[in-house]
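Taking our numbering, I'd label the letters of the sequence shown as residues 1 to 257.
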Amino acid sequence: MKVPLTALILWAAGFIEHASLLFVLVVRKRWKTFPIFTALIGFNTFRTILLFILYKYGSLHTYWLAYSGASLIDLALQLGIIVELARVALKPTGTWIKDAKNMFLLFGIAGAAVAAVIAYFLHPSSSSSLDSWVEKGNLFSAMLTLELFASMLFTSTQLGLLGTSHVMRLGQGWAVWAIADLISEGIYSHFGSEWHQGVIDSVRILAYQAVTIYWIVTLWRPEPKRRTLSPEMQAYLDSLHGQLQSQLKRVSSIEKQ
Numbered sequence: 001m002k003v004p005l006t007a008l009i010l011w012a013a014g015f016i017e018h019a020s021l022l023f024v025l026v027v028r029k030r031w032k033t034f035p036i037f038t039a040l041i042g043f044n045t046f047r048t049i050l051l052f053i054l055y056k057y058g059s060l061h062t063y064w065l066a067y068s069g070a071s072l073i074d075l076a077l078q079l080g081i082i083v084e085l086a087r088v089a090l091k092p093t094g095t096w097i098k099d100a101k102n103m104f105l106l107f108g109i110a111g112a113a114v115a116a117v118i119a120y121f122l123h124p125s126s127s128s129s130l131d132s133w134v135e136k137g138n139l140f141s142a143m144l145t146l147e148l149f150a151s152m153l154f155t156s157t158q159l160g161l162l163g164t165s166h167v168m169r170l171g172q173g174w175a176v177w178a179i180a181d182l183i184s185e186g187i188y189s190h191f192g193s194e195w196h197q198g199v200i201d202s203v204r205i206l207a208y209q210a211v212t213i214y215w216i217v218t219l220w221r222p223e224p225k226r227r228t229l230s231p232e233m234q235a236y237l238d239s240l241h242g243q244l245q246s247q248l249k250r251v252s253s254i255e256k257q
């Protein structure tokens, strides 16, 4: 199939940006902190090449199968990234803070339930039942991604665990991309997948590419010093440390008896 000039430019730009971000993650050793995110960027770099070749030289059916399979892998990695960013943001001392973990799980479960209900009762303007369920699935994944990232950022901010750290920057970028994705999927759901498809897809791709450039710049730079913990969190950790010391003294005294 012939590739339009606009699509060719966006495809080339996407590959260059993914490859550049992957280079930054490896060279600056950010992959040690964000292995799942690095895996997603590596996968997207390979996927861009594969889909371009299939689109230009393969059949439409082959391209659709590859695109659908890659989308499922992409979604699984995105959900893994949510957990990864939450783990980094909510474990400043190497272990899950109890309040942070419970708050994140609560908002995460509630967000997934709300996304599932909204997606189920929406009626996309699709020509077939299969396309309708595909649109429902896309809407659900977009809403779930945005809600879980919002839960992670809200929980971290409430507990004073974030500042200008790399994990904060990744979360902010992903939230912007999730909003753009949700808006585009909402437009397709209401007006149909053929409604100004080229324009909507181009805007969504440009939003993602802008976020990718933001990640390249911020991950190349050294991570700013972490903000000190909030007084409430510092008091919680001091109390936890005191309880641990007390229990250790009890164990020590029992062993001496």
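Think of the CB as a built atom: it goes at the ideal place given N, C-alpha and C, for glycine as much as any other residue.
TODO: Round the Cβ separation of Tyr63 and Leu54 to the nearest angstrom and send it over; I've been treating them as touching at under 8 Å.
DONE: At roughly 5 Å, the Cβ-Cβ gap stays under 8 Å, so Tyr63 and Leu54 are in contact.
Task: Reference Ala142; option with closest CA among Gln172, Met168, Gly173, Gly186 - done: Closest option to Ala142, Cα to Cα, is Gly186.
Open item on the list: Between Phe340 and Trp174, how many whole angstroms is the CB-CB distance? I'm expecting something under 8 Å.
Closed with: Since the first residue shown for the chain is 1 and the last is 257, residue 340 is missing from the structure and cannot be characterised.
- [ ] Please go through the same chain and pick out, in chain order, the residues whose beta-carbon is closer than 6 Å to the beta-carbon of Ser184, but skip the five residues on each side of it.
- [x] Contacts found: Ile200, Arg204.
TODO: Look up Phe34 in the DSSP assignment and say whether it is helix, strand or coil.
DONE: Three-state DSSP puts Phe34 in coil, outside helix and strand.
Task: CB of Leu21 within 8 Å of CB of Trp177, strictly - done: No, the Cβ-Cβ distance between Leu21 and Trp177 is not below 8 Å.
Task: Closest residue to Gln209 among Leu5, Thr48, Ala13, Pro4 (Cα-Cα distance) - done: Checking every option, the nearest Cα to that of Gln209 belongs to Ala13.
Task: Whole-angstrom distance between Ser246 and Leu182, CA atom to CA atom - done: When rounded, the distance between both Cα atoms is 51 Å.
Open item on the list: Taking the alpha-carbon of Pro222 as reference, which of Ser165, Gln172, Ile213 has the nearest alpha-carbon?
Closed with: Of the candidates Ser165, Gln172, Ile213, the residue whose Cα lies closest to the Cα of Pro222 is Ser165.
Task: Counted within 10 angstroms of its Cβ, other Cβ atoms place Leu144 as buried (16 or more) or exposed - done: Around the beta-carbon of Leu144, 16 or more other beta-carbon atoms lie within 10 Å, marking it buried.
Task: C-beta contact flag for Ala70 and Arg47 at 8 Å - done: Yes. Within cutoff.
Open item on the list: Considering only their Cβ atoms, is the gap separating Ile81 from Ile36 smaller than 8 Å?
Closed with: Result yes, Cβ atoms of Ile36 and Ile81 sit closer than 8 Å.
Task: Of the residues Tyr67, Asn44, Leu60, Thr38, the one placed nearest Ile16, counting alpha carbons only - done: Distances from the alpha-carbon of Ile16 to those of Tyr67, Asn44, Leu60, Thr38 put Asn44 closest.
TODO: Sort Arg87, Trp11, Ala89 by Cα distance to Lys56 and report the nearest one.
DONE: The shortest C-alpha to C-alpha distance from Lys56 to any of Arg87, Trp11, Ala89 is the one to Trp11.
- [ ] Look up Gly173 in the DSSP assignment and say whether it is helix, strand or coil.
- [x] In the three-state reduction of the DSSP assignment, Gly173 falls in the helix class, which pools H, G and I.
TODO: Using the Cα positions of Ala39 and Arg28, report the straight-line distance between them to the nearest angstrom.
DONE: Roughly 15 Å between the two C-alpha positions.
Task: Local Cβ density within 10 Å of Phe154, reported as buried at 16 or more and exposed below that - done: Label assigned to Phe154: exposed.
- [ ] With DSSP collapsed to three states, give me the class of Arg47.
- [x] Arg47: helix per DSSP, three-state reduction.
Open item on the list: Quick check on Thr212: buried or exposed, where buried means 16 or more other Cβ atoms within 10 Å of its Cβ?
Closed with: Buried is the call here.
Task: Spatially closest choice to Val217 from Leu146, Arg169, Ile49, His61, by CA coordinates - done: It is Arg169 whose Cα lies nearest to the Cα of Val217.
Open item on the list: Using C-beta distances below 7 Å, list every residue in its chain close to Leu219, excluding the 5 sequence neighbours before and after it, in chain order.
Closed with: For Leu219, where only same-chain residues beyond five positions count, the Cβ hits under 7 Å are Val24, Leu25, Arg28, Arg30, His166.
Open item on the list: Which residue wins for smallest C-alpha separation from Ala116, given the options Asn102, Leu105, Glu84, Glu147?
Closed with: Ala116 has its Cα closest to that of Glu147, out of Asn102, Leu105, Glu84, Glu147.
Task: Buried/exposed call for Ala86, threshold 16 Cβ in 10 Å - done: Under this definition Ala86 is a buried residue.
TODO: Just the C-alpha distance for Leu60 and Leu8, rounded to the nearest angstrom, thanks.
DONE: Note on geometry: alpha-carbon atoms of Leu60 and Leu8 lie some 17 Å from one another.
TODO: Can you tell me which of Thr33, Tyr67, Leu65 puts its alpha carbon nearest to the alpha carbon of Ala89?
DONE: The alpha carbon of Ala89 has as its nearest neighbour, out of Thr33, Tyr67, Leu65, the alpha carbon of Thr33.
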